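Undergrad:
Residue numbers (our numbering): 4 to 270.
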């Protein structure tokens, strides 16, 4: 897990195990869900023409669970989920930033403010969830420049409407309206550790859905950068081979011209 500490208004991200601060409930049988082993498949929409030629993307963008198997977590809180999502987004953006046309520093500062307020619990969970989803929506737009990754939400929706749509997509499509198992598996959260309050569970579902989409945006960006880097390397290799062949041909031509003019030394 990652854990952050605020030093002088900035966030220092370092690996750690974040223990749950929520009140404990009665212990229940642990259900270990399978870890998420892959990313959702999406069509590539990022413009490749503006990519730097010397891009060195993160080859393995982190996609780790928020809760380790050995963590004694009986109940997570919405504040923790907000903090985990913001913290992960900060690290993802730092490792694989969007195109330089976007103000990455401003986006990171917004995530840091959300992280600080969630850790301090200085806002209610609804306001904190809205702040986080707003940051995620900005990140989607930064990474998906051709087709903004509001993912069909539309550009005229308010932050509250985007949060509502994330909650709808993050919930199971049945009468129980609970968090989708794929989201729980992706972030290593056990179903029995979800908040008991149904409204809080809805917020967790929306946050997890938005966080997974941010992971996907960064993943697609990293894969595109790797493809561009490999393409540039192939071009450089082809140019180098072509130059070597031209130099060899020029050397042969000079030798034969010299021999025809009788100025070539005897061998």
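Ideal placement from N, C-alpha and C gives every residue a C-beta, glycine not left out. Keep in mind that this is a model prediction, so the values were computed, not measured.
Where does residue 174 fall in DSSP's three states?
TA: On the chain shown, residue 174 is found 171 positions in, with the first residue counted as 1. Note: residue 174 maps to strand in three-state DSSP.
Undergrad: What span of residues does the alpha helix (DSSP H) with residue 124 cover, start to end?
TA: As a position in the chain shown, residue 124 is number 121, starting the count at 1. Residue 124 -> no alpha helix (DSSP H), and no H or E assigned at all.
Undergrad: Can you list, in chain order, the residues of its chain with a C-beta nearer than 6 Å to that of residue 53? Leave out the 5 residues immediately preceding and following it.
TA: On the chain shown, position 50 is the one that residue 53 refers to. Because residue 53 carries a pLDDT of 36, less than 50, the predicted location of this residue cannot be relied on, and the following value inherits that uncertainty. So the qualifying residues of the chain are 102.
Undergrad: Using a Cβ-Cβ distance cut-off of 7 Å, determine whether residue 120 contacts chain D.
TA: You won't find chain D in this structure, because it holds only one protein chain.
Undergrad: Using the Cα positions of residue 116 and residue 137, report the straight-line distance between them to the nearest angstrom.
TA: In the chain shown, counting from the first residue as 1, residue 116 sits at position 113. In the chain shown, counting from the first residue as 1, residue 137 sits at position 134. Whole-angstrom Cα-Cα distance: 12 Å.
Undergrad: Is residue 192 helix, strand or coil when you go by DSSP?
TA: Your numbering for residue 192 matches position 189 in the chain shown. Of the three classes helix, strand and coil, the one that applies to residue 192 here is coil, per DSSP.
Undergrad: On a Cα-Cα basis, can you pick out the residue from 253, 245 and 92 that is closest to residue 218?
TA: Numbered from its first residue, the chain shown carries residue 218 at position 215. The shortest C-alpha separation from residue 218 is found at 92.
Undergrad: Let me confirm a value: residue 163 is counted as buried when at least 16 other C-beta atoms fall within 10 Å, else exposed. Which label applies?
TA: Within the chain shown, residue 163 is the residue found at index 160, counting from 1. With fewer than 16 Cβ atoms within 10 Å of its Cβ, residue 163 is classed as exposed.
Undergrad: Are residue 86 and residue 121 closer than 7 Å when you measure CB to CB?
TA: The residue given as residue 86 occupies position 83 in the chain shown. The residue given as residue 121 occupies position 118 in the chain shown. A contact, by the Cβ cut-off of 7 Å.
Undergrad: Would you mind working out which of 161, 123, 110 and 236 sits nearest residue 81, comparing C-alpha positions?
TA: Locating residue 81 in the chain shown gives position 78, counting from the first residue. Nearest option by C-alpha distance: 123.
Undergrad: Terminal residues of the continuous alpha helix (DSSP H) containing residue 199?
TA: Here residue 199 corresponds to residue number 196 of the chain shown, with the count starting at 1. Element bounds for residue 199: n/a, residue is neither H nor E.
Undergrad: Please classify residue 182: does DSSP put it in a helix, a strand, or coil?
TA: As a working mapping, residue 182 is identified with position 179 in the chain shown. DSSP places residue 182 in strand when its eight states are reduced to three.
Undergrad: Should residue 252 be labelled buried (16 or more other beta-carbon atoms within 10 Å of its own) or exposed?
TA: One-based indexing of the chain shown puts residue 252 at position 249. Answer is exposed; the Cβ neighbour count stays below 16.
Undergrad: Count the other C-beta atoms from every protein chain shown that fall within 10 angstroms of the C-beta of residue 108, then say buried if there are 16 or more, exposed otherwise.
TA: For the purposes of this step, residue 108 is taken as the residue at position 105 of the chain shown. Classification for residue 108: exposed.
Undergrad: May I have the straight-line CA-CA distance separating residue 214 from residue 104, to the nearest angstrom?
TA: As a position in the chain shown, residue 214 is number 211, starting the count at 1. As a position in the chain shown, residue 104 is number 101, starting the count at 1. Cα to Cα, residue 214 sits roughly 23 Å from residue 104.
Undergrad: Is DSSP giving residue 159 helix, strand or coil here?
TA: For this step, residue 159 is matched to residue 156 along the chain shown. Residue state, collapsed to three classes: coil.
Undergrad: So does the segment 194 to 208 actually touch the segment 240 to 249, counting three or more Cβ pairs closer than 8 Å?
TA: Cβ pair count under 8 Å is below three, so no.
Undergrad: Nearest to residue 88 by alpha carbon, out of 132, 226, 182 and 230?
TA: Here residue 88 corresponds to residue number 85 of the chain shown, with the count starting at 1. Among 132, 226, 182 and 230, the Cα nearest to that of residue 88 is on 132.
Undergrad: Secondary structure at residue 211, three-state DSSP: helix, strand or coil?
TA: For the purposes of this step, residue 211 is taken as residue 208 along the chain shown, with counting starting at 1. Residue state, collapsed to three classes: helix.
Undergrad: Check whether the Cβ atoms of residue 173 and residue 186 lie closer than 7 Å to each other.
TA: Indexing the chain shown from 1 puts residue 173 at position 170. Indexing the chain shown from 1 puts residue 186 at position 183. Taking 7 Å as the Cβ cut-off, residue 173 and residue 186 qualify as a contacting pair.
Undergrad: So, using beta-carbon positions, are residue 206 and residue 128 closer together than 7 Å?
TA: Against the chain shown, residue 206 aligns to sequence position 203. Against the chain shown, residue 128 aligns to sequence position 125. Contact: yes.
Undergrad: Grab me the residues of residue 100's own chain with a C-beta within less than 8 Å of its C-beta, minus the 5 sequence neighbours each way, in chain order.
TA: One-based indexing of the chain shown puts residue 100 at position 97. Once the five neighbours on either side are set aside, the close Cβ partners of residue 100 are 107.
Undergrad: Does the separation of the CB atoms of residue 130 and residue 165 fall below 7 Å?
TA: The residue you call residue 130 lines up with position 127 of the chain shown. The residue you call residue 165 lines up with position 162 of the chain shown. In this structure, residue 165 does not lie closer than 7 Å to residue 130 by Cβ.
Undergrad: How is residue 119 classed by DSSP in three states: helix, strand or coil?
TA: To locate residue 119, count along the chain shown from 1; it is residue 116. Note: residue 119 maps to helix in three-state DSSP.
Undergrad: Taking only three categories from DSSP, how would you classify residue 87?
TA: Working through the chain shown from its first residue, we reach residue 87 at position 84. Here residue 87 sits in helix by DSSP.
Undergrad: Distance, Cα to Cα, residue 168 vs residue 211?
TA: As a first step, residue 168 is located in the chain shown; it is residue number 165 there, counting from the start. As a first step, residue 211 is located in the chain shown; it is residue number 208 there, counting from the start. Going from the Cα of residue 168 to the Cα of residue 211 covers about 12 Å.
Undergrad: Does the Cβ of residue 202 have 16 or more other Cβ atoms within 10 Å, making it buried, or fewer, making it exposed?
TA: Walking along the chain shown from the start, residue 202 turns up at place 199. Exposed, by the Cβ-count rule.
Undergrad: Measure the alpha-carbon distance for residue 234 versus residue 181 and round it to whole angstroms.
TA: Position 231 of the chain shown, counted from the first residue, corresponds to residue 234. Position 178 of the chain shown, counted from the first residue, corresponds to residue 181. Straight-line Cα distance between these residues: approximately 44 Å.
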